[in-house]
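Numbering (our numbering), first residue to last: 65 to 597. Glycine included, every Cβ here is placed at the ideal spot set by N, Cα and C. Each remark here refers to the structure printed beneath this line.
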């Protein structure tokens, strides 16, 4: 069903005892392949391979045990993993996978109950697991990985995750469902740890070869270290290896008694793997602790987690950010930690207030001509607010080059309605601060309009009150940009600041026009209006 020119493997997991591994390995079966014996029975029939694609009874492979498209493996109490191409060519197709398929675990000769008089397998109903929903998906042309959520599968043992990267010459083995047969064991070693593959970024060095022989149906099967810990999953094969379970030429020549049925062919060859144990470990922890991670990291009211999981870069992000697991563990104690942080913050604020009161130079209270750079940050903000009250904000700001404090002040003012006038005054008097934010120099208020995932902006979901707050501030930003455009002296000042801080000197009237344009786009997206003058 899914033919590949390469075979990859995503790195992850470990079991307590090797003999328990086959119970954690599942075969992908369509709903039509399973036949009820009796709805009240704890047994169910699994059709042999000849019946499923309507193979002619005279064919050599008619009596093989089972038609499987791919192999699955269980990584936690409610999660199973496989290759992405096993469940769909794209995200939309993958989302509907669970409607028509089941996963049958423990299909190994010594675990099969029996065969009936027609040669069909009789298995325990509890071996058949239905998937609930797609939890993570990366298609064939990216990292070829899928994680599905399942229920009522607690009786099936889970595989743990290997934390160490494999090395060349490491001994490895796999269990998989090569098409037509029950679970098959194969052993070998890592041949080449780093290979270049054109589908995904080679910079991550996540691909490797092994000399294990594989066949169609093995896709998605887990690769184990010598200690019985999973280090990846199968995704494709290099064609032409001769030591095969089934003769490819014979399979290609197999005849079927009805047209338009599934074709029994396959790719044969050495296996290629993706080494990403950290990625699957991170994804597993991420998904198992989704609610905690949302509370601790993702601000659930501001982003749809499902849209996050639909983006492939998320898995790569997890693999590159090992601290996610630590955050998840901390999230389990979220309430306690939050209480401690609040308590510490309150104590710190009390102490700072006492210190500020004690050490504020008396001239700050009345003298706006004081050297601003000599003041502490709280006093700088106090002086700015005082200058606004006395109508002297322009006088103070235009002689002040302390960008960090103004950034902080502007960021704080951006979040509140009460200080909108101060915000507007700062925008007008120091408009290059706004432009620096628009051009990507890290200005917080601009960044808060979007959530950036791999440089892709996702408009945050705003409630009506937040929309009105943003409305006034966005208007102020646009006015500041226009003011800056009309006053060339400020443009020259910004160029100087950019050069002094190691930023490109590309500020011009054209760049200002583009900045204004993108802010207008925010208006259109948030408020559905485009008639701003």
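Asked                                                                                                                                                                 : Found
Taking its Cβ as the centre, do 16 or more other Cβ atoms sit within 10 Å of residue 191, making it buried, or is it exposed?                                         : buried
Looking only at its chain, what residues have a beta carbon closer than 6 Å to the beta carbon of residue 217, apart from the 5 residues adjacent to it on each side? : 193
Just to confirm the assignment, what range does the beta strand (DSSP E) spanning residue 158 have?                                                                   : First-last for residue 158: 155–159, but that is the alpha helix (DSSP H), not the beta strand (DSSP E).
Please report how far the alpha carbon of residue 599 lies from the alpha carbon of residue 180, in whole angstroms.                                                  : Given that the chain is displayed from residue 65 to residue 597, the structure contains no residue 599 and the question cannot be resolved.
Residues in the same chain with beta-carbon distance under 6 Å from residue 290, minus the five sequence neighbours each way, listed in chain order, please.          : 235
Under three-state DSSP, which class holds residue 197?                                                                                                                : strand
Measure how close the beta-carbons of residue 147 and residue 297 come, nearest whole angstrom, since I'm counting them as under 8 Å.                                 : 6 Å
In chain order, what residues of the same chain lie with their CB nearer than 7 Å to the CB of residue 253, ignoring the 5 residues before and after it?              : 233, 234, 235, 236, 274 and 275
Would you call the CB atoms of residue 184 and residue 111 closer than 8 Å?                                                                                           : yes
Below 8 Å on the Cβ atoms is my guess for residue 348 versus residue 140; work out the distance and round it to an integer in Å.                                      : 6 Å
Straight-line CA distance for residue 446 to residue 456?                                                                                                             : 13 Å
Distance, Cα to Cα, residue 285 vs residue 228?                                                                                                                       : 19 Å
Under a three-way DSSP split, which group does residue 347 fall into?                                                                                                 : helix
DSSP three-state label for residue 84, please.                                                                                                                        : helix
Applying the 10 Å Cβ sphere with the 16-neighbour rule, what's the burial state of residue 151?                                                                       : buried
Taking the straight line between their C-alpha atoms, what separation do you get for residue 86 and residue 256?                                                      : 27 Å
I need the straight-line Cα distance from residue 281 to residue 243, nearest angstrom please.                                                                        : 5 Å
Under 7 Å Cβ to Cβ from residue 422, same chain only, skipping five residues before and after it: list those, please.                                                 : Caution applies to residue 422, whose pLDDT of 45 falls short of 50 and renders its modelled position unreliable; the value that the coordinates give is listed next. For residue 422, where only same-chain residues beyond five positions count, there are no Cβ hits under 7 Å.
Please state the DSSP three-state secondary structure of residue 149.                                                                                                 : helix
Determine the burial state of residue 84: buried for a count of at least 16 other Cβ atoms within 10 Å of its Cβ, exposed for fewer.                                  : exposed
In this structure, what does DSSP give as the bridge partners for residue 214?                                                                                        : 195
For residue 326, which of helix, strand or coil comes out of DSSP?                                                                                                    : Reliability fails at residue 326, whose pLDDT of 39 lies under 50, so the model's placement of it is uncertain and the value that follows must be treated cautiously. In the structure shown, residue 326 sits in coil (DSSP, three-state: anything other than H, G, I, E or B).
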